[in-house]
Amino acid sequence: MFNIKHTLEQLLSDALAQASGLADARGNVIYSTRPEFGDYQANGVMAIAKQLKTNPRELAGRVLECLPENALIARAEVAGPGFINLFLKDAYLAQQGEEFAREGVALLQPSASAQTIVVDYSSPNLAKEMHVGHLRGTIIGDCLVRVLEACGHHVIRQNHVGDWGTQFGMLIAHMESLRAQGDALTTDLADLESFYRAAKQRFDDEPGFADTARGYVVRLQQGDPACLAAWQTFIDESLAHCEAVYARLGVTLQRADLKPESFYNPELPGIIAQLERAGLLSVSEGARCVFMEEFKGKEGALLPTIVQKSDGGYLYATTDLAAIQYRAGSLKADRVLYVVDARQSLHFQQVFAIARKAGFAPAACSLEHIAYGTMMGEDGKPFKTRSGDTVKLIDLLEESVRRAHDIVSEKNPDLDEASRQEIASVVGIAAVKYADLSKNRTSDYIFDWNTMLSFEGNTAPYMLYAYARIMSILRRQDDSAAPANAALLLEATEERSLLLKILQFQETVQVVANEGYPNTLCTYLYELAGVFMRFYEACPVLKAEGALRDSRLSLVALTAKTLNTGLDLLGLKTLQQM
RNA sequence: GGGGGUAUAGCUCAGCUGGAUAGAGCAACGGCCUUCUAAGCCGUGGGUCUCAGGUUCGAAUCCUGAUACUCCCGCCA
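If you're matching positions, the first sequence starts at 4 in our numbering and goes up one per residue.
See below:
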């Protein structure tokens with residue numbers, strides 16, 4: 004595992020522990036805030052000095068004395084009130100860069116302690132077509148899954164689709180009545196959204212229809228074969244819609260990753276029984292609930308989590324508990340990540356707490372809600388069409404590609420139509436995904452076509468353009484290619500900055516793997532592209548000669564490798580030319 | 001009523017969990033192409049980090065309170 008920051012943290016923490024006599028002292032190494040403060044800086048001394056009531060600068064001096072000889076630090080100096088500024092050795096950077104430039108050497112090395120990590124993401128409701136509300140979870144989840152796999156973890160994707168519940172009775176009832184009229188259904192099901200609306204309208208308005216629908220729910224739950232067959236037809240159709248969206252988005256979810264709600268149906272009575280045995284269950288107003296001290300409502304009254312309705316039906320809390328048991332037990336997960344809307348935060352707190360108390364998940368199994376905010380329209384309100392309808396995800400993606408096509412046609416009219424289509428399709432999808440991934444997932448964000456499709460700033464088009472420019476240099480080197488083992492020369496500051504940035508790739512990816520914030524990776528890649536552009540302006544590559552040319556070409560190739568790997572982790576396709 | 005979240009430049013957003021002079025991009029203004037893709041680079045201006053207190057060597061970050069917006073809280077998922 005290659006991680007400069009981590010190595011420095013280790014060195015400084017040890018030295019600080021030795022100098023202070025506190026075993027758990029933390030060096031607190033971060034990137035230096037300004038170039039003259041070195042490459043990294045350790046901020047931990049001041050906190051410890053405060054604790055010991057000693058002079059921080061003096062303690063920092065002793066830390067430097069305790070710092071052992073090592074391969075990477077050229078110079079460490081005390082600065083300001085007690086910072087330690089760290090300057091890395093050029094020779095060390097060059098040597099590491101040369102190693103990563105070698106043929107077949109991966110930029111990312113597997114984590115020392117590989118874990119089994121279940122990631123629950125996307126999970127649309129199959130009663131309707133995927134809409135913009137499913138975008139963030141699908142994209143963020145897919146990015147995290149790629150990152151975790153790249154770090155060497157055993158990742159199990161779980162697409163917890165909604166395929167059960169009362170609304171399916173309504174849909175089947177509508178389906179069956181159309182079929183009874185001799186309707187082949189294919190055209191009706193092609194647009195699930197209007198199919199759902201039609202069924203809903205009959206449910207609300209048509210006398211007797213609601214009862215028919217409820218009858219179907221009962222038959223479905225009893226396993227009536229004809230009813231199940233109709234249900235299956237509908238589910239297959241709906242899944243086909245989802246898969247079309249996944250294919251367009253370049254999302255890695257497969258059929259094998261499906262673990263629908265209905266999968267847990269047989270387990271639900273057992274879940275209730277286990278809650279009962281654990282003494283967690285009480286009956287309130289006819290419903291079976293779990294009350295916990297941690298969750299209080301008005302006037303200190305405990306807040307219920309309903310696990311079984313008064314009519315005997317189960318709720319999604321029950322299903323989620325069964326899923327936890329399956330993931331922690333059968334799948335033996337070390338971590339379970341739920342990439343789900345932030346509005347469900349209370350629900351997950353409750354479900355996680357119940358799972359702990361009932362023993363569905365051992366303490367060693369980490370349950371994490373990877374929450375994300377809502378996508379807003381340009382008016383700052385939830386994203387809708389002008390008429391107030393929800394926007395189908397597939398329509399949004401197609402519009403993005405169309406807009407990208409217009410821009411590409413305008414900027415590069417000489418390209419043939421096929422190339423423009425190809426570029427537009429990559430840029431259009433990348434723009435939507437990158438706009439989402441580049442923002443801190445916990446806050447709501449405003450969806451804006453102009454910003455995301457702009458070629459300036461932290462956007463997908465800029466990143467793809469930067470990559471295409473880099474590839475253009477490598478294409479032009481022709482037969483005078485640099486050897487893969489070229490020595491790296493760090494004479495210009497731009498060369499050194501570029502290399503250091505490249506070497507920080509793995510530490511960035513690890514932070515994303517641990518904390519689940521894809522925007523950290525986007526920021527890194529954007530900065531990498533920026534550092535490269537400065538190098539590109541200052542350091543001629545193909546016009547340089549001899550060892551310098553080889554060195555620069557090697558840096559270009561390394562940048563390309565890093566950018567390509569990073570964009571792939573985000574789930575973005577790249578282009579050789581734009 | 002109770003609980004959660006958010007509030008940073010005109011706009012869209014970062015800010016590595018308490019560090020040095022709060023950063024990007026857009027928009028505005030100015031400079032750089034017969035030279036590896038100018039879809040780029042460099043520079044200038046722009047801030048009471050919502051408000052009021054507190055904690056300490058040091059606060060956008062932690063604590064308390066207030067205001068605004070937003071989400072969640074018994075039989076949908």
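All C-beta atoms, glycine included, are put in the ideal place defined by N, C-alpha and C. Just so you know, these numbers come straight off a predicted model, no measurement behind them.
Taking a contact as a CB-CB distance under 8 angstroms, the pair VAL343 and ILE327 does not count as one, their CB atoms being some 14 angstroms apart. In the DSSP assignment, TYR267 falls outside any beta strand (DSSP E) and carries neither an H nor an E. Contact between ALA563 and TYR470 holds: their C-beta atoms lie close to 7 angstroms from each other, under 8 angstroms.
Beta-bridge analysis with DSSP links LYS395 to HIS134. With fewer than 16 neighbouring CB atoms inside 10 Å of its own CB, GLU381 falls in the exposed class. Below 8 angstroms, too few C-beta pairs join the stretch 58-69 and the stretch 436-456 to call them touching: fewer than three.
Just so you know, the alpha carbons of THR308 and TYR43 end up roughly 48 angstroms apart. With a cutoff of 9 angstroms on beta-carbon distance, GLY172 and VAL221 are scored as near each other. Linking ILE357 to ALA366 through their CA atoms gives a straight-line distance of about 12 angstroms. Ranking ILE175, GLY47, LEU147 and GLN118 by CA distance to the CA of HIS156 puts GLN118 first. Taking TYR437 as the centre and dropping the five residues before and after it, the same chain places the C-beta of MET455, THR462, ALA463, MET466, CYS525, LEU573 and LEU575 closer than 8 angstroms to its C-beta, in chain order. The beta carbon of ARG330 is closer than 6 angstroms to those of VAL121, ALA336 and VAL339 in its chain, skipping five residues each way along the sequence. In the DSSP assignment, VAL514 falls within the alpha helix (DSSP H) that extends over 508-518. For the options LEU174, TYR249, GLN580 and ILE238, the alpha carbon positioned closest to that of ASP214 is the one of LEU174. For HIS9, the uninterrupted alpha helix (DSSP H) segment begins and ends at 7-23. With a cutoff of 9 angstroms on beta-carbon distance, LEU477 and PHE508 are scored as not near each other. A residue is called buried when at least 16 other Cβ atoms come within 10 angstroms of its Cβ; ASN488 does not meet this threshold and is exposed. When DSSP assignments are scanned along the stretch 282-342, the uninterrupted stretches of beta strand (DSSP E) that are 3 or more residues long and fall wholly within it turn out to be 284-287, 290-299 and 305-311. About 7 angstroms separates the beta carbons of ALA490 and GLU101, which is inside the 8 angstroms limit, making them a contact pair.
For ALA374, there is no enclosing alpha helix (DSSP H); the enclosing beta strand (DSSP E) has its first and last residue at 369-375. Straight through space, the alpha carbons of TYR448 and GLY383 are spaced by roughly 8 angstroms. Here PRO385 carries a strand assignment [DSSP, helix/strand/coil]. ASP123 has its alpha-carbon roughly 7 angstroms from the corresponding atom of HIS163.
Comparing alpha-carbon positions, the option among GLY168, TYR319 and GLY376 lying closest to ARG346 turns out to be GLY376.
Secondary structure at ALA45: strand, using DSSP grouped into helix, strand and coil. Rounded to the nearest whole angstrom, the CA to CA distance from LEU223 to ALA130 is 15 angstroms.
Counting only the Cα atoms, PHE458 lies some 40 angstroms from ARG78. Taking a cut-off of 8 angstroms for Cβ pairs, the stretch 142-150 and the stretch 427-443 touch, as three or more such pairs fall below it.
Within the stretch 159-247, not a single complete beta strand (DSSP E) segment reaches 3 residues in length.
With a beta-carbon spacing of about 7 angstroms, GLY47 and LEU15 fall inside the 8 angstroms limit used to define contacts. In this structure the stretch 65-78 touches the stretch 15-35; the number of beta carbon pairs closer than 8 angstroms is three or more.
Rounded to the nearest angstrom, the Cβ distance from CYS146 to PRO521 is 5 angstroms, consistent with a contact under 8 angstroms. Judged by DSSP secondary structure, ARG78 falls within the beta strand (DSSP E) whose first and last residues are 76-82. When C-alpha distances from ASP93 are compared across ALA541, THR577, GLY253 and GLU497, the shortest belongs to GLU497. The continuous beta strand (DSSP E) containing LEU91 extends over residues 86-91.
According to the DSSP assignment, THR119 belongs to the beta strand (DSSP E) that extends over 119-123.
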